[in-house]
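The structure appears right after this line, and notes come after that.
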Amino acid sequence: MGNYWKVAGSEVNDQLYVNDLKEQYSSGKLADASEVETEISKVKYPEFLYRTKAEEAGLYNNHANPDHVKNDKGHLGDPTFKNLFKAGLKIEKFDLSPNLGTEIDGVQLSELDDAGKNDLALYLETRGLAVFRNQDFRDKGPAFAKNFGKYFGPLHIHPVAYSAKDHPELFVTFRKAGGPSRWDLQFKHQTDGVRWHSDVSFEEYPSSFSFFVALEAPPSGGDTVFVDLREAYNRLSPPLQKFFETLTAVHSNEYQQKGAALRSQLAKVKETSYSEHPLVRTHPVTGQKSLFFSRGFIQKIKGVKESESAFILNFLEDHCLNNPEIQVRANHRGTDSRSVIAWDNRFLAHTAILDFLNHETTARHHYRVTVLGEKPYLEEKKVEDSDSDGEDKHPRAY
Ligand SMILES: [Fe+2]
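Using the UniProt record's numbering, the first residue of the sequence shown is number 1, and each one after it goes up by one.
In structure tokens, the structure reads:
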């Protein structure tokens with residue numbers, strides 16, 4: 001049996017493809033890292049489009065976060081979320097699905113006090129994600145964003161991505177404005193741009209929360225789709241749940257690093273990460289189990305034969321990623337989007353949607369505050385599972 005499992009990016013091990021890419025970069029057909037220099041004058045928020053300079057290359061490392069299980073702010077959240085949805089505010093909420101994701105208008109994230117942030121943590125840990133409309137976040141500047149994020153835990157420094165100037169903790173994702181030539185380049189070698197992942201799962205201490213702040217967005221499209229990996233776990237039969245609980249996956253950013261090098265993009269963190277994480281993990285606050293299926297970063301299942309690893313991963317891809325019943329789509333609502341999408345990476349995977357590339361559009365430009373969480377673990381019992389009267393401290397309802 002061949003290896004049916006193709007990790008997104010594994011084509012950079014294909015010498016013919018790599019040679020073709022090199023030729024395109026050198027001939028200017030495909031933009032390399034220097035494209036930022038030409039785009040920076042066109043974007044509305046140039047301070048959030050900073051290319052790593054030579055003096056910063058290899059300067060950073062990410063750190064351990066061993067106390068996150070007990071420090072997660074969701075432990076302090078109020079299950080009624082009264083500090084997030086304060087009485088007297090005019091708040092509109094719309095659930096994207098019964099179990100996953102909610103759009104919220106009327107809550108200003110920048111004005112939350114500590115109790116409000118604790119509720120926000122618990123809210124994301126139950127609803128999975130929230131799309132906050134009409135935020136002033138993007139105009140508060142990078143230092144504000146960092147302080148906001150640090151409340152929830154240490155911030156991740158992305159190895160190769162663009163960042164905010166002088167603020168390497170702010171990850172920037174940037175896609176140039178659409179147009180027919182953009183479509184041609186993107187889809188020359190592939191039929192889609194879907195890249196499911198959980199943010200930075202290649203780290204020993206991957207992300208708990210991501211706050212994704214829109215700077216510019218296309219008039220329509222460029223959405224982010226999310227999948228609920230709790231529900232993906234819950235739908236499995238008990239024998240398969242038990243089997244998957246015995247497995248460990250190897251996550252790595254190897255292909256991301258190689259791709260960046262091909263584009264002459266300097267790495268802030270040079271070392272490639274290889275981390276082993278349980279395929280089923282327990283949430284430190286809700287105690288719920290979920291699959292930890294970060295498709296783009298998982299290289300293999302540890303300790304089994306190659307064909308067996310491929311068999312398991314292909315099953316999971318079909319089970320998790322081909323089921324719209326457990327997915328929702330978060331959008332930006334137009335070019336003047338002031339949306340902030342926040343989510344819990346521990347039981348969600350997501351992908352950007354590149355459906356705008358054959359339209360004349362504005363850029364898709366965001367920054368992300370990425371909070372480091374705990375080292376993933378599998379445990380039968382919740383860490384802080386009950387009050388003395390035996391009642392669950394936190395609601396198990398989604
Ligand atoms: Fe992501």
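Even glycine gets a Cβ: it sits at the ideal position worked out from N, Cα and C.
Exposure label - residue i; buried when at least 16 CB within 10 Å
| i | result |
| --- | --- |
| S198 | buried |
| Y274 | exposed |
| I298 | buried |
| K42 | exposed |
| P324 | exposed |
| E276 | exposed |
| E37 | exposed |
Reduced DSSP category for residue i - H, G, I as helix; E, B as strand; rest coil
| i | result |
| --- | --- |
| F211 | strand |
| Q186 | helix |
| L313 | helix |
| K6 | coil |
| L155 | strand |
| S290 | strand |
| Q299 | strand |
| residue 400 | Given a span of 1 to 398 for the chain in the structure shown, any question on residue 400 remains unanswerable. |
| Y25 | helix |
| P168 | strand |
| T173 | strand |
| Y123 | helix |
| D136 | coil |
| T370 | strand |
| A33 | coil |
| I104 | strand |
| H319 | helix |
| K270 | coil |
Per DSSP, the bridge partner or partners of residue i
| i | result |
| --- | --- |
| I341 | V131 and F212 |
| P278 | T248 |
| A349 | V227 |
| E379 | Paired residues: none, contrary to the question. |
Integer-rounded CB distance, given that residue j should sit under 8 Å from residue i
| i | j | result |
| --- | --- | --- |
| S201 | L372 | Contact flag wrong, Cβ pair sits at about 12 Å. |
| Q339 | F132 | Note on identity: in this sequence residue 339 is Ser, with Gln being the wrong assignment. Indeed, because the Cβ distance is near 7 Å, the residues count as touching under 8 Å. |
| N62 | E203 | 6 Å |
| S210 | R368 | 6 Å |
Contact with chain D by residue i, beta-carbon distance below 7 Å
| i | result |
| --- | --- |
| L129 | Absent here is chain D; the protein component of the structure consists of one chain. |
Cβ pair count under 8 Å reaching 3, the region 276-291 against the region 254-267 | Taking 8 Å as the limit for Cβ pairs, the verdict is that the region 254-267 does not touch the region 276-291.
The region 135-154 in contact with the region 89-101 per 3-pair CB rule at 8 Å = No, the region 135-154 is not in contact with the region 89-101.
Counting Cβ pairs, one atom from each stretch, are 3 or more of them under 8 Å apart for the region 21-35 and the region 126-143?
-> Cβ pair count under 8 Å is below three, so no.
Inter-stretch contact at 8 Å, needing at least 3 Cβ pairs: the region 212-221 / the region 315-334 = Between the region 212-221 and the region 315-334 there are three or more C-beta pairs closer than 8 Å, enough to call the two in contact.
Is there contact between the region 344-364 and the region 241-260, where contact requires at least three CB pairs shorter than 8 Å?
-> Cβ pair count under 8 Å is below three, so no.
Are three or more beta carbon pairs between the region 169-187 and the region 294-310 nearer than 8 Å?
-> They do not touch, by the three-pair rule.
Assess, as a yes-or-no matter, whether the region 169-183 is touched by the region 304-317 under the definition of 3 or more beta carbon pairs within less than 8 Å.
-> No: the two stretches stay apart, fewer than three of their Cβ pairs being nearer than 8 Å.
Flag this pair as touching only if the region 62-82 and the region 150-162 have three or more C-beta atom pairs under 8 Å; answer yes or no.
-> Yes, the region 62-82 touches the region 150-162.
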